[in-house]
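Enquirer:
Set out below in structure tokens:
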């Protein structure tokens, strides 16, 4: 595994963060609609301990992502 991923300096680097960065850098991600991401977030948020203000902030940030950001070769940027 290459370690050329960029991780924000304020994040504590852990095995999970490195695995997440590796997955995010791959180009073979499945095609996903923004609507589907929103529905999955709503469904899994309680199991992940995400509620209240945190959930609302994530939902707002997802709302700011452009539909084109979900196209192959693009990365969502908020």
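Residue numbers (full-length UniProt numbering): 1 to 78. A virtual CB, placed ideally from N, CA and C, is assigned to each residue, including glycine. Predicted, not measured: the structure shown is a model, and the values here were computed from it.
What's the gap between the Cα of residue 63 and the Cα of residue 45?
Expert: Taking the straight line joining both Cα atoms gives about 16 Å.
Enquirer: Starting from the C-beta of residue 74, find all residues in its chain whose C-beta is less than 7 Å away, skip the five residues before and the five after it, and write them out in chain order.
Expert: Cβ neighbours of residue 74 beyond the five flanking positions: 68.
Enquirer: Got a sec, what are the start and stop residues for the alpha helix (DSSP H) residue 48 sits in?
Expert: Careful: residue 48 lies outside any alpha helix (DSSP H) and carries neither H nor E.
Enquirer: DSSP three-state call for residue 33: helix, strand or coil?
Expert: Reduced to three states, the DSSP call for residue 33 is coil.
Enquirer: Sort 24, 55, 49 by Cα distance to residue 70 and report the nearest one.
Expert: Answer by Cα proximity: 24.
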